[in-house]
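Take a look at the structure below.
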Amino acid sequence: MRLQYIFRLVVFSAGLLISCNKQLDLQPKQDVDAAIAIITPENVDAAAIGMYSLLGGGALYGTNLLLLPDLQAADGYVSWRGSFQSFRQVARKNMARDNAEALRTWTNAYKAINMANTVLESLNIVTDADQKQQLEGEALFVRGIMHFELVRFYAAPWGATSDNSQPGIVIKTKSTKDETGAFEKLPRNTVAQVYTQVVNDLKSAAEKLPESNGTRANKFAAYAFLSRVYLQQHDYEKALDAASKVIESGAFQLNASITAVFDNKNTRESVFEIQQNDQNNAGTANDGMATFYASLVGIGRADVRMVSAFLNTYDPNDLRLSQWYYEGVGARPGNMYCSKWKSFSQNLPVIRLAEMYLTRAECNVRLNSSVGDTPENDVAKIINPLRVTLPEITNPTLDDILDIRYHELAFEGVRIHDVKRLKIMTGDYNWDANELVFPIPQREVDATNGIITQNPGY
Amino acid sequence: MRILIRYAMYTCVVLCLFLQSAFTQTKLIRGKVVDSKDGTPIVGATVRILNSKVLTVTNAEGVFELKSPEKATTLIITFVGFKSLETPIDSDLSNLKLEDAGTQSLSEVVVVGYGTKIKKDITSSISKVTGKEFENLPLPSFEQALQGRASGVFINSGSGKLGQGLNIRIRGISSISANQQPFVVIDGVPVLSQPIGSYDEPDNPLATINPDDIESIEILKDAASSAIYGARASNGVILVTTKSGKAGKTKISAGVYTGWSKPTRKGEFLNTAQYKELFTAAAENAGLDVAEEFEAETGTKDWNSNNDTKWSDLSFQNGYVQQYNISMNGGDARTKFLISGSWNDQKGILLTNRLRRGNGRINIDHSLNKNFRVGINLSLSKGLNNRLYSDNSFTNPLQLNALSPLQSAYLPSGKPNSNTIYYNNLIEVANSKKLATTYQSISNAFAEWRIIPSLVFRSQVGLNWNNLQEDEFLGRETIDGAPGGSSFSNQVTSTIVTYTNTLNFNKSITEESNFDALAGIEYQTGKNEGSSVTGIVFPDDRFTKISSAAIISAGSSTATEYTFASYFAKANYKFKDRYLLGASYRIDGSSRFGKDNRYGSFPAASAGWIISEENFLRNSSAVSFLKLRASYGRTGNAEIGNFSSRSLFQAAAYANISGLITSQLGIPTLSWEKTNQFDVGLDFGFANNRISGEVDYFDKDTRDLLFNVPAPAVNGFTTITKNIGAMRNRGWEFVLNATILNGLFRWTASANISTYVNKVTKLVVPVPPQSRTLGRLAEGQPFGQFYGLKYAGVDPSNGDALYFKNDGSKTNDVSEAEDMIVGNPNPDYYGGINSHFSYRGFDLDIQCQFVKGGDIYNMAGIFQSVNGDYFDNQTVDQMKYWKKAGDITDIPQPRLYEGNGTDKSSRWVQDGSYFRVKSVNLGYNIPRSLLKRFKMDNARVYVAGLNLFTFTKYTGYDPEVNATYVNSVTLGHDFYTPPQARTISVGLNIGL
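Chains as they are written, first to last, in the working numbering: chain A, 25 to 482; chain B, 19 to 1010.
Structure follows, in structure tokens:
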């Protein structure tokens, strides 16, 4: 009798536990398990948006990819005043092997590449052919531009060796899904290989992307980046062709006001732009373009100060001088700051139409051609009495165009790359100096037992 | 396999029942055995029938039942520590009194995992602290009562901030990335002991527990005692048992105390004359004009002021403590109850710091009939804590000592001076409010069914509910509230529910052997939910709630949870009262463990030999008790994070749209950390147990430590969490108790000393010190070892700071100096000495606590003891700075801004040894003859002191420091860390 009770008890208890076992399979509430994260076309689209959110972070276009190219070319141009050692080292070209900026840009660019590969490998989920093509194009676009940004910073520049066999960066074309993948030790590819990969990705992105894609990358964003890539390779015909495709698309047009592209969101001048708002932006205290550039009441650390030697090279009548620069009134007041970056929530133009005109004009002059339009007409789009209160330039020379480019695209993240491709100097450093190449984050060398090699000089 | 084991356990229990029914008896007799001294039940006494094999053991109420043969005449009742008693079987058995044999403590009941046990029969290593030992002490939180009282338990209160988490380490340090704190179980209910608040200083959910509600605290140290808690026992287990009702007349006791607090020590900083001398020299040596520099840094002309502000004193306020408590307990044979309530108000020694707590408790226990018992323990507490941020925050009041004495604390307008070198924390005091309100319940309900006399089924459900509400308003003048004011509201709820079912079997098989066993299952869910909102820009500082904010600047809600499903069993066998065997086994499954490794097994075994029961010692007058015991077993650490084994995606916003990105790559085999522990111990008693004690040696080997292994970032992930490290802790524990004088004047004393030697035995990559810290992890070295430049004093010829090179030579060029081992924050040994005196109505209790070794690195030295490198006020020892060639000193020549001796180095490493008179309690019991008039049973007035005296060579505020804002690898670091409070209180207890 009693034993019966006990048996019942035991069976009851055991039953209780069997139901408990199911309770051990909990799902997180603030994250989604990777196994079920991307299973619908909407999920693939969300993963694509994830790529853009990474691009907008401070490690990438949110700050570093737009700030560091100007900071690294600091001499006679800009000075770093802030307390962040990592940025100061970039400006002084004495970066440590564990420089925090070199580390986070590298890490996040590869995170974005991993997301791009994840999207590419999930395309079979997408049923709609147009959407599939669009998402594929976006993923290839992100993968292409990230490899491009990395190879420009972390490797000796294009042309540093005759066949560009110098170590580039690691090419990643598949996503990481498990421990084995996460610990895979891949060596650096050559600069030539990386550029080939970048061109292939961007070319197929340009083919697949739609002409219009909201605020996300479209076909012409891919062509615009292609023009940058070719220009960096001194392949002026192709650079011209790519820039021309952007201009002739008719999708873009220079704003009447030179400040509008920065003050307003998604103006027609902008070819590719990072989206920000009050809640979601690269940062308001220790990160973000306005944080470092601005000296306004309650906005900005005023860490990046314009050097008068550079400002003095603007024509005093140049509207850009008065519209793009101002005397600080916030932190470190009284000095000159750049007003392209003055709001935490502003959008960040990465490529705008003006650059395409200047690229085409430069290529036409170099090739002695007038493909698309004459250099004079293209330059006149930028320098004219209406836009910048300067007279138009007749028969612009190469030097003219490069000088206009310097002043037009200042503090938009192109300067050091121009120094390298034009094979000129910045301060005492030659275009191919070791000091102008970022260190490979030392942790990367350590984590691969040296399979990823360090750059010379570090 | 595991399923087999599970079923084997049940089968085992069932088999025992068959054995039980194999006996045939005739007459049922029932009785109760109590202690003659105070009438408390004696648990585990052996009751035997003369000339028969029939015997039994008394239960938790001291009650026994046995079926005796008709012809039986006499009962023999024996129990260790008591004289044996023979009584006719037909006499009144309801109150059998055993006389004390003069041997104490061995008959003591010790709470163990899922039950109780008599101390004599224990084969594992358990420290016990009874509530009596710390009653009426103005303790900030109950865990501090263990400091110096329990061997093997190292406690560092961290700082004198009220309501903050303590560092409790049982038998060394057993984890790197997972939790290092012990598992806390209160009345069988696992409770939240980890911080849930948003502050950068960890909060202590246990701070709202009323120490006066506690009957006893048991610390399970070795594997044999703790492995029954399986995957959560590697850091040791603290079992807290609250007071319960006692049958008899309803007794009311009430108490009140009030006290005053001051810091144990204040810092000595330069006055204006010294400050001017030092900095004038510093500026001159650097070729600068000191007044100009001071003006450039502060924007004031205060260099020429006549101020002499003693900033270091302004960090403090006069603290106080008050407590009122009342409790009532009583009941009859079937129902027992305890009701208690208390209110405690502590005003800390640091500006704005305050902790108030209110507690209510009802413990009821009712027997429906002789086979059914139900009970409930209900507690509710409220805590109101005016908290402080971490030591590293400008709002830490102690950072005021960095300000220059030349600057005034307040402006002529009466407002705090805002032109100081660093943030003037008095602005924060005047313009902010920070309050954390906690509601907590630790409750359980149980039902017990005695299926047959030797078998009890118990079912319990336990709840630990903790609701934390943080409100913070920062006015527009404060550093973080400017320009428009800022208000933050955060609510976090933690709910832990535990269902436990056990079957407990206890049976004397023959006259000479006793067997008890327990099998159980347990299911636990834990959930954490939170939401927070931040609003900024208010019309003025009178508006503090977010409804008045112009901008809602941030908002969030969060949730996470975990579950455990566990199966456990244990058995003890005793033969001839001298040979003891024990074994336990637990299987823990948890949602936290990777899906490929979901269940962990935690076995333990132990054996004991009571040598003094052997014939050759039985009649020894010198040796009254001697027991050798040893144990070995495995425990785990499951505090590995709730979803660390998963590969996850998280949301990522891009302006107004949102997407998905990878957040972590998990390994499906990721699981608990494992500790194998060996323990051998000797318990002894001499001279009729007037001297008694314990010696223990332990060896804890921890494997599969969680570690974030660096992965190449090119693959998209920077670290992967793996079970990969290993660590070892070995040590000794000594406990000695003595009754030195036994008479009208009675003096009892106890002392304990514990050691641990920690060594990291396997590490994938070393964890180097951070930019300002010295603590590191390296293979073959102790946890948190100090590693950095070794300071070599001052070059007498030029006043340069010197550092050692590897070859032992000295250099003034830091780049030539090398990092080396410069200290160890782990103590050589630690312990306590306690004495209790009584004479007539007086009693005096003195408890001291000490730590030997354990280096401290004062991280703030770089700012405050650095020969005037910047305008931070300096400690007075800096006045011994190098002045001229030939000066022999350790303080380099002051050179403003030039960094002479400012590098992170052993310059600020000191020996952290200390001896502290932790608590003193002197009381007087008012004679009963006087009390009768007031119908009182007893009354005691007392004076108590906490942290009365501290002896140390450490020159900082207090050697018991641990800046918590740095990482978990960093021990013994001081960074403007506030000292403990010295509290003196007076109080009165009465009993009706």
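Each residue gets a CB set at the ideal place from its N, CA and C atoms; glycine is no exception.
Quiz prompt | Three-state class that DSSP yields for Gln257(A) in the structure shown | solution = coil
Quiz item: Can you find a CB in chain A that lies within less than 8 Å of the CB of Glu579(B)?
Solution: Chain A, which has a Cβ nearer than 8 Å to the Cβ of Glu579(B), makes this yes.
Quiz item: Taking any Cβ of chain B, which residues in the region 199 to 224 of chain A have a Cβ under 8 Å from it, in chain order?
Solution: Listed by position along the chain: Ser199, Thr200, Lys201, Asp202, Glu203, Gly205, Ala206, Phe207, Glu208, Lys209 and Leu210.
Practice problem: State the DSSP-derived secondary structure class of Thr129(A), mapped to helix, strand or coil. | Solution: helix
Quiz prompt | Per-residue burial, Phe969(B) [other beta carbons within 10 Å of its own, 16 or more giving buried] | solution = exposed
Self-check item: Residue interval of the beta strand (DSSP E) (run including Ala70(A))
Solution: In the DSSP annotation of this structure, Ala70(A) is not part of any beta strand (DSSP E); the continuous alpha helix (DSSP H) holding it starts and ends at Pro65 to Leu79.
Quiz prompt | Residues of the region 669 to 689 of chain B whose Cβ lies closer than 7 Å to any Cβ of chain A, in chain order | solution = Ala670, Ala671, Tyr672, Ala673, Asn674, Ile675, Ser676, Gly677, Leu678, Ile679, Thr680, Ser681, Leu683 and Ile685
Self-check item: Three-way DSSP call (helix, strand, coil) for Ser319(A) in this model
Solution: coil
Quiz item: Does Phe41(B) get closer than 8 Å to chain A when you measure Cβ to Cβ?
Solution: Reliability fails at Phe41(B), whose pLDDT of 43 lies under 50, so the model's placement of it is uncertain and the value that follows must be treated cautiously. Answer no: the Cβ-Cβ gap between Phe41(B) and chain A never drops below 8 Å.
Quiz item: Taking three-plus beta-carbon pairs below 8 Å as touching, is the region 912 to 919 of chain B in contact with the region 964 to 983 of chain B?
Solution: No, because fewer than three Cβ pairs between the region 912 to 919 of chain B and the region 964 to 983 of chain B fall closer than 8 Å, the two stretches do not touch.
Self-check item: Sequence-distant residues of its chain with Cβ nearer than 8 Å to Tyr428(B) (five each side left out)
Solution: Pro434, Asn435 and Leu444
Quiz item: How big is the Cα-Cα spacing for Leu214(B) and Asp221(B)?
Solution: Before going further, note that residue 214(B) is Ile rather than Leu in the sequence given. Roughly 7 Å between the two C-alpha positions.
Self-check item: Three-pair Cβ contact test at 8 Å for the region 194 to 212 of chain A versus the region 141 to 151 of chain A
Solution: yes
Quiz item: Excluding the five sequence neighbours on either side, which residues of its own chain have a C-beta within less than 7 Å of the C-beta of Ile406(A), listed in chain order?
Solution: Excluding five sequence positions before and after Ile406(A), the CB atoms of its chain that fall closer than 7 Å to its own CB belong to Ala378, Tyr381, Leu382, Ile428 and Glu432, given in chain order.
Quiz item: How about the region 254 to 265 of chain B and the region 337 to 349 of chain B: do they share at least three Cβ pairs that are nearer than 8 Å?
Solution: yes
Practice problem: Go to Thr552(B), then tell me how far its beta strand (DSSP E) extends in each direction, as first and last residue. | Solution: Where Thr552(B) is concerned, the enclosing beta strand (DSSP E) stretches over Ser531 to Ile554.
Exercise. Quick one: give me the first and last residue of the alpha helix (DSSP H) that Val447(B) is part of.
Key: Asn443 to Asn449
Practice problem: Under 8 Å by Cβ, that's how I've got Ser624(B) and Phe643(B) pegged, so tell me the actual separation to the nearest angstrom. | Solution: In fact, because the Cβ distance is near 18 Å, the residues do not count as touching under 8 Å.
Quiz item: Nearest to Asp887(B) by alpha carbon, out of Glu302(B), Ile864(B) and Arg379(B)?
Solution: Glu302(B)
Practice problem: Look at Met954(B) and Leu1010(B) and say whether their C-beta atoms are less than 8 Å apart. | Solution: yes
Exercise. Throw me the rounded Cβ distance for the Ala248(A) and Ile375(A) pair, which I believe falls under 8 Å.
Key: 4 Å
Self-check item: Host alpha helix (DSSP H) of Ala378(A) (start-end)
Solution: Leu377 to Leu391 is the span of the alpha helix (DSSP H), which, as asked, contains Ala378(A).
Quiz item: Per DSSP, Gly875(B) forms a beta bridge with which residues?
Solution: According to the sequence displayed, residue 875(B) carries Tyr and not Gly. Tyr875(B) pairs with Val927(B) and His991(B).
Quiz item: Mapping DSSP to helix, strand and coil, what is Leu233(A)?
Solution: coil
Quiz item: From the DSSP output, which residues share a beta bridge with Trp182(A)?
Solution: In the DSSP output, where bridge partners are listed per residue, Trp182(A) has none listed.
Exercise. Please list, in chain order, all residues of the same chain as Gly806(B) whose beta carbon is under 7 Å from its beta carbon, the five residues on each side excluded.
Key: Pro787, Leu792, Asp837, Val840, Lys922, Ser923 and Ser924
Quiz item: Going along the region 732 to 755 of chain B in order, which residues come within less than 7 Å of chain A, judged by CB to CB distance?
Solution: Val732, Asn733, Gly734, Phe735, Thr736 and Ile738
Quiz item: Name the residues in the region 645 to 666 of chain B whose C-beta lies less than 8 Å from a C-beta of chain A; which are they?
Solution: Asn660, Phe661, Arg664, Ser665 and Leu666
Self-check item: Other residues of its chain near Glu83(B): CB distance less than 6 Å, five sequence neighbours each side excluded
Solution: Excluding sequence neighbours, Glu83(B) sits near Arg48 and Pro471.
Self-check item: Cα-Cα separation between Leu414(A) and Pro340(A), rounded to whole angstroms
Solution: 10 Å
Quiz item: Anyone know if the C-beta pair for Ser665(B) and Ala70(A) falls short of 8 Å?
Solution: no
Self-check item: Extent of the continuous alpha helix (DSSP H) run through Pro409(A)
Solution: Pro409 to Val412
Exercise. Figure out for me which residue from Ile569(B), Thr518(B), Gly826(B) and Ser504(B) has the closest Cα to the Cα of Arg560(B).
Key: Ser504(B)
Quiz item: In chain order, which continuous runs of the alpha helix (DSSP H) of length 4 or greater are located wholly inside the region 143 to 202 of chain A?
Solution: 153 to 178
Practice problem: Residues of the region 231 to 256 of chain A with a CB closer than 8 Å to any CB of chain B: list them in chain order, please. | Solution: Thr239
Quiz item: Can you find a C-beta in chain A that's less than 8 Å from the C-beta of Arg476(B)?
Solution: no
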